[in-house]
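Notes for the one structure printed next.
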Amino acid sequence: MSTPEAATQAAASIKPATGKLGVMIPGMGAVATTLIAGVEAVRRGFAKPIGSISQMGTIRLGKRTDANSPLIKDFVPIAQLDDLVFTGWDIFGGNLYDAAKTAQVLDRDQLESMRPYLESIEPMPAAFDQHYVKRLTGQKVKTGKNKCDLANQIRNDIAEFKTKTDRQVMIWCGSTEIFMEHAPVHQTLAAFEKGLVDDDPSITPSMLYAWAALKEGIPFANGAPNLTVDIPALQELSKKMNAPICGKDFKTGQTFIKTVLAPAFKTRMLGVSGWYSTNILGNRDGEVLDDPDSFKTKEVSKLGVLEHIFQPELHPDLYKDLYHKVRINYYPPRGDNKEGWDNIDIFGWLGYPMQLKVDFLCRDSILAAPLALDLILFIDLAARTPSLRGLGIQEWLSFYFKDPDTAPGVYPEHDLFIQSMKLKNTLRHIMGEDLITHLGLDYYGD
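Residue numbers (numbering that gives the first Met the number 0): 0 to 445.
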């Protein structure tokens, strides 16, 4: 049982969110421009931050009968939206107004109302190699004698931004890179840094950004399914520099629905014999994923969800023979308005079959932007919290990812509701409040 004194002491150990929080974004396309324009719209009072747990979510403290459920943003010391300052890198020229206009996510009137602000942000040239994203051609890219040179150019960009802001975070909103397996260069920090000098092909552009950020003590979050920080070398650097990292690949549309429905089937002990998922989308993400090597990276991220939720080794009669197929098709007329269609074959009492069909007509960047905002604010909170920053991987942020990161030997938790409980209990823990177990027996005692 926590006491007011313990809660006060725990909260006092967290460094306050004073000053400007600099947000550095590699890949300033549809998601990034939707995020930044959205933050500005909220700051001006034009819109509400719908979809953001950090801004609109509440957290229960104590018993249900205590009626104490403050907003999360009032409970934990996260940065204020007015204190966010944005910069980043992109392979295409132009400012963020141009990029947002190209992305065609926001309507013209909304975009025009924030035009001067968006025009004031111009991305820096990016570290890019078409080998890793075959369907894109870089127009504004850095050049250097090797990958170490490019990574240090990114560090120089970070150093310049540090003179204008008090703290920084980095969140990857760039494209999906080709599928990469673990290689010897990924195993230790020393091997990785030698690989930078040697131009090792197993070091991707996203890894250059992650290394540069972590080397500067800056937390890093990954919105794409790229391998990036899921390697021992950068996890070692994360711990060494007290710079938090978390999972990969924003959990936005179809996988979000999967992590809602699959736990429901498992909780009811209903069997699943097949789950077919297909997507059509026409944005730059769809164009990149039209390449088989990039699609494989996304496919691996999306396929792992059901296996971890259903645990077929524990429930062989229900899930051992599950057939799971994922497809993504590039369809330009849809733009950012993605359609995710699922056919689910389930079976119940005495093995009788049933079907469920889901057609989710969603807006990809509209769903991703509030996740990116929450990650920015929460990973900055982790960096200021003594009990979290030295952990490296922030598993409590699994809620936001298709592919959560965990400690070695620990399977990831994909159930959205367990992830939500983990997130909120971590916030309670760092603030010295009692955890919520939902046991309920204390309501019936004397």
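Heads up, the beta-carbon is just placed ideally off N, CA and C, and yes, glycines get one too.
All figures in this text were calculated on a predicted structure; none of them were measured in a lab.
- Residue state for residue 167 is assigned as strand, using DSSP reduced to three classes.
- For residue 255, the enclosing alpha helix (DSSP H) starts and ends at 253-266.
- Counting C-beta pairs closer than 8 Å gives fewer than three between the region 207-214 and the region 315-331, which falls short of the contact rule.
- Between the C-alpha atoms of residue 58 and residue 130 there is a straight-line separation of about 45 Å.
- Taking a cut-off of 8 Å on C-beta distances, the region 379-397 touches the region 236-243, as three or more cross pairs fall below it.
- The Cβ atoms of residue 204 and residue 284 do not sit closer than 7 Å to each other.
- With contacts defined as CB atoms closer than 7 Å, residue 21 and residue 162 fail to qualify as a contacting pair.
- Between residue 249 and residue 352, the alpha-carbon positions lie close to 33 Å from each other.
- DSSP places residue 89 within a strand segment (E or B) once states are collapsed to three.
- Per DSSP, reduced to three states, the secondary structure at residue 276 is strand.
- Rounded to whole angstroms, residue 253 and residue 422 show a C-alpha spacing of 21 Å.
- Around the C-beta of residue 88, 16 or more other C-beta atoms lie within 10 Å, and the residue is accordingly described as buried.
- Between the beta-carbon of residue 262 and that of residue 308 there is about 6 Å, and that keeps the pair under the 8 Å contact cut.
- A check of alpha carbon separations from residue 199 across 155, 237, 144 and 152 identifies 144 as the nearest.
- Within the region 333-377, complete beta strand (DSSP E) segments of at least 3 residues are found at 336-346 and 352-362, given in chain order.
- Apart from the 5 residues on each side of it in sequence, residue 29 sits with its Cβ closer than 6 Å to the Cβ of 102, 104, 282, 335 and 364 in its chain, given in chain order.
- Annotation for residue 113: no alpha helix (DSSP H) segment contains it, and DSSP assigns it neither H nor E.
- In the three-state DSSP reduction, residue 57 falls in the strand class (E or B).
- A Cβ-Cβ separation of about 7 Å places residue 18 in contact with residue 166 under the 8 Å criterion.
- Spatial neighbours of residue 82 in its own chain (CB-CB distance under 6 Å, excluding positions within 5 residues in sequence) are listed in chain order as 19 and 20.
- Counting along the chain, residue 326 sits inside the beta strand (DSSP E) bounded by residues 322-329.
- Residue state for residue 316 is assigned as helix, using DSSP reduced to three classes.
- With distances taken between CA atoms, residue 304 lies nearest to 410 out of 52, 355, 139 and 410.
- In this structure, the straight-line span from the alpha carbon of residue 181 to that of residue 230 is close to 7 Å.
- The continuous stretches of alpha helix (DSSP H) do not include residue 311, and DSSP gives it neither H nor E.
- DSSP places residue 270 within a strand segment (E or B) once states are collapsed to three.
- Within the same chain, 258 and 259 come within 6 Å of residue 415 by CB-CB distance, once the 5 residues on both sides are set aside.
- Non-local beta-carbon contacts of residue 13 in its own chain, meaning distances under 7 Å to residues more than five positions away in sequence, involve 76, 383, 384 and 429 in chain order.
- In this chain, the alpha helix (DSSP H) harbouring residue 35 covers 29-42.
- Bounds of the alpha helix (DSSP H) holding residue 214 are 204-214.
- Counting C-beta atoms within 10 angstroms of its own C-beta, residue 413 has 16 or more neighbours from the protein chains shown and is therefore classed as buried.
- Beta bridge pairing from DSSP links residue 402 with 247.
- Taking all protein chains in view, the Cβ of residue 387 is crowded by 16 or more other Cβ atoms within 10 Å, so the residue is classified as buried.
- Remark: C-beta atoms of residue 274 and residue 343 approach each other more closely than 7 Å.
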